[in-house]
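Protein chains in written order, with our numbering: chain A, 1 to 281; chain B, 282 to 619.
Positions of the beta carbon are idealized from the N, C-alpha and C atoms, including for glycine.
Heads up: the structure comes next, in structure tokens.
Dropping the structure here:
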């Protein structure tokens with residue numbers, strides 16, 4: 001990526017941040033409702049795990065602060081994805097199913113650049129980041145984490161990798177909408193719902209078959225549990241630190257392959273009304 | 282029939298060069314009979330829809346071309362192919378010397394597109410925000426952008442709603458804003474797919490005048506689809522008619538009238554209340570002593586009709602004019618269907 005592309009990337013993020021800011025600030029009551037309801041909903045979504053950990057003084061061999069760290073990490077990953085890939089870029093099948101890719105294709109920039117920037121919603125998407133940071137800071141302070149710069153670097157690498165895996169998983173399934181736009185319009189949200197529902201649980205103690213599945217076919221283990229084991233020092237081998245970034249690379253390649261194939265198909269069929277299970281008009 | 286490029290036209294004078302374009306879609310067929318539902322599950326019945334069949338189309342730089350045809354004739358498919366949204370099954374497309382699919386990024390920066398049934402404006406934002414977004418995505422230098430924006434705002438009358446939310450605009454306002462947005466990067470060619478659909482007469486006049494001015498001053502090539510034939514005739518010097526995926530006519534509007542019958546109207550005011558019967562003309566109706574006829578001027582001389590009329594009745598007044606183009610086109614579509 002050259003200097004010119006980097007500059008354009010920053011300018012695009014800037015303009016999308018401006019649009020998001022304008023959208024959220026058109027009405028103060030609307031802004032407060034959106035922001036706080038999002039934060040409360042996300043806290044409520046992980047409260048079950050927290051209450052279990054509280055009741056049983058830990059969960060799956062993890063202490064309470066470790067569980068809180070896991071919850072905070074999972075929320076942070078969700079918040080990063082929402083912040084950078086909002087506006088239905090994350091739920092790519094909706095865009096494909098609704099025939100909205102045409103709008104992106106008539107913009108004079110590579111498709112990847114459009115998809116990387118169009119969903120940047122730092123105001124509306126970041127409501128989860130605040131409670132996530134709070135949980136992480138409390139757990140980190142209690143567990144004595146984060147004193148070394150190396151740990152923080154590894155934390156950032158793991159979090160970005162986890163976000164990349166969730167995003168790739170959404171794109172991998174979402175690409176089906178190129179072939180069955182109407183039928184698969186909601187497939188990205190269904191795929192992510194599976195990931196998000198299982199994300200706040202320590203998976204230790206699962207059998208090898210289930211564990212293998214949760215780290216491959218449904219890579220929910222990489223979205224919070226596996227990287228947290230490494231960051232909390234529960235992992236046995238330092239190689240465990242490489243697993244999530246490697247998995248992210250693999251899933252990104254797979255998603256990129258599926259999306260490219262789908263796009264080729266789209267060039268042939270377009271958003272035509274003649275497609276079986278075709279696009280909405 | 283395709284209008285050949287005039288002698289001496291160089292390759293650089295050609296803005297759109299499409300040759301042998303073919304595009305097919307497959308349409309599933311369902312039976313209402315229960316007995317056929319299960320058979321359909323195993324062996325779905327599929328109908329081949331040939332949206333484009335060997336379409337050849339050349340448009341010169343600075344030309345305004347109307348592209349018309351009945352519903353489902355292949356107009357929007359052609360526009361999508363020319364915009365780089367869709368690839369042809371066979372044939373070759375070059376617009377401004379570029380392949381719309383292979384050179385997409387470079388290409389779309391030089392064209393403007395308006396789909397009348399969609400909007401490129403940001404729905405939940407003021408119109409102004411969409412223009413600012415366009416400036417960044419299209420990388421328009423600030424001074425040039427300010428100059429063009431000022432011009433577009435003035436000519437299309439955007440000021441009155443420039444700071445209103447797109448979702449709150451009327452259809453006419455939205456279309457004007459969409460057109461302005463498509464033009465603010467100074468495209469060399471403009472594809473307009475039904476740009477005045479649902480728009481009132483005044484807003485339509487604004488839009489058409491603006492397109493003509495743009496073409497006159499900056500020689501912007503315009504390719505326009507619409508079902509409003511009067512609008513097309515007002516705007517374009519040339520019309521390409523497509524029917525069932527083939528270009529059925531390509532020429533100017535006078536040629537079109539001559540080729541598909543030079544339909545005229547004759548109105549006679551007679552002293553007697555009853556309309557005289559005229560051979561070679563068809564009576565459309567009578568009202569207040571006026572009788573209106575339609576006839577094909579290529580076959581029937583108007584002098585002969587007047588002679589017939591004056592022999593049968595006392596003529597008080599005469600009016601004659603060409604039939605509206607819509608009527609001519611409706612006849613053509615009817616002929617094609619038959």
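Nearest-angstrom Cα distance between residue i and residue j?
i                      : j                      : result
residue 53 of chain A  : residue 92 of chain A  : 35 angstroms
residue 329 of chain B : residue 370 of chain B : 13 angstroms
residue 599 of chain B : residue 583 of chain B : 11 angstroms
residue 268 of chain A : residue 261 of chain A : 11 angstroms
residue 124 of chain A : residue 64 of chain A  : 30 angstroms
residue 470 of chain B : residue 249 of chain A : 42 angstroms
residue 193 of chain A : residue 90 of chain A  : 12 angstroms
residue 241 of chain B : residue 17 of chain A  : The structure shown does not extend to residue 241 of chain B, since chain B spans only 282 to 619, so no value can be given for it.
residue 477 of chain B : residue 23 of chain A  : 29 angstroms
residue 266 of chain A : residue 56 of chain A  : 52 angstroms
residue 288 of chain B : residue 344 of chain B : The predicted model places residue 288 of chain B with a pLDDT of 48, which falls under 50 and marks its position as unreliable, so this point remains unresolved.
residue 562 of chain B : residue 531 of chain B : 28 angstroms
residue 15 of chain A  : residue 609 of chain B : 50 angstroms
residue 554 of chain B : residue 577 of chain B : 25 angstroms
residue 167 of chain A : residue 7 of chain A   : 24 angstroms
residue 258 of chain A : residue 230 of chain A : 30 angstroms
residue 235 of chain A : residue 74 of chain A  : 18 angstroms
residue 399 of chain B : residue 422 of chain B : 27 angstroms
At least one CB of chain A closer than 7 angstroms to the CB of residue i: is that the case?
i                      : result
residue 415 of chain B : no
residue 386 of chain B : yes
residue 405 of chain B : yes
residue 394 of chain B : yes
residue 361 of chain B : yes
residue 284 of chain B : Only weak support exists for where residue 284 of chain B lies, its pLDDT of 44 falling under 50; the coordinates are left without a value.
residue 390 of chain B : yes
residue 320 of chain B : no
residue 553 of chain B : no
residue 368 of chain B : yes
residue 376 of chain B : no
residue 287 of chain B : With a pLDDT of 47 at residue 287 of chain B, under the threshold of 50, the predicted position of this residue should be treated as unreliable, and no value is reported.
residue 383 of chain B : no
Less than 7 angstroms between the beta carbons of residue i and residue j, yes or no?
i                      : j                      : result
residue 164 of chain A : residue 35 of chain A  : no
residue 510 of chain B : residue 606 of chain B : yes
residue 66 of chain A  : residue 232 of chain A : yes
residue 241 of chain B : residue 513 of chain B : Outside the modelled stretch of chain B, which goes from 282 to 619, sits residue 241 of chain B, for which no answer is possible.
residue 223 of chain A : residue 162 of chain A : yes
residue 306 of chain B : residue 332 of chain B : yes
residue 270 of chain A : residue 361 of chain B : yes
residue 528 of chain B : residue 521 of chain B : yes
residue 537 of chain B : residue 458 of chain B : no
residue 159 of chain A : residue 76 of chain A  : yes
residue 419 of chain B : residue 466 of chain B : yes
residue 326 of chain B : residue 310 of chain B : yes
residue 39 of chain A  : residue 122 of chain A : no
residue 596 of chain B : residue 354 of chain B : no
residue 178 of chain A : residue 96 of chain A  : yes
residue 474 of chain B : residue 357 of chain B : yes
On the premise that residue j lies in contact with residue i, defined as a C-beta separation below 8 angstroms, what is that separation, rounded to the nearest angstrom?
i                      : j                      : result
residue 80 of chain A  : residue 200 of chain A : Contact flag wrong, Cβ pair sits at about 16 angstroms.
residue 464 of chain B : residue 393 of chain B : 6 angstroms
residue 387 of chain B : residue 105 of chain A : Not confirmed; about 14 angstroms, so no contact.
residue 390 of chain B : residue 433 of chain B : Not a contact, Cβ separation roughly 18 angstroms.
residue 237 of chain B : residue 506 of chain B : Since the first residue of chain B shown is 282 and the last is 619, residue 237 of chain B is not available in this structure.
residue 639 of chain B : residue 548 of chain B : Residue numbering for chain B in the displayed model covers 282 to 619; residue 639 of chain B lies beyond these limits and cannot be assessed.
residue 448 of chain B : residue 405 of chain B : 6 angstroms
residue 94 of chain A  : residue 190 of chain A : Going by Cβ atoms, the distance from residue 94 of chain A to residue 190 of chain A rounds to 11 angstroms, so no, they are not a contact pair.
residue 575 of chain B : residue 544 of chain B : 6 angstroms
residue 205 of chain A : residue 58 of chain A  : Their Cβ separation, rounded to whole angstroms, is 13 angstroms, which puts residue 205 of chain A and residue 58 of chain A out of contact at 8 angstroms.
residue 219 of chain A : residue 169 of chain A : 6 angstroms
residue 454 of chain B : residue 442 of chain B : 5 angstroms
residue 13 of chain A  : residue 117 of chain A : 6 angstroms
Quick one: does residue i have its CB under 7 angstroms from some CB of chain B?
i                      : result
residue 84 of chain A  : no
residue 106 of chain A : yes
residue 15 of chain A  : yes
residue 29 of chain A  : no
residue 20 of chain A  : no
residue 125 of chain A : no
residue 11 of chain A  : yes
residue 186 of chain A : no
Which partner residues of residue i appear in the DSSP bridge assignment?
i                      : result
residue 488 of chain B : Paired residues: none, contrary to the question.
residue 563 of chain B : B:575
residue 348 of chain B : B:506, B:521
residue 602 of chain B : B:546
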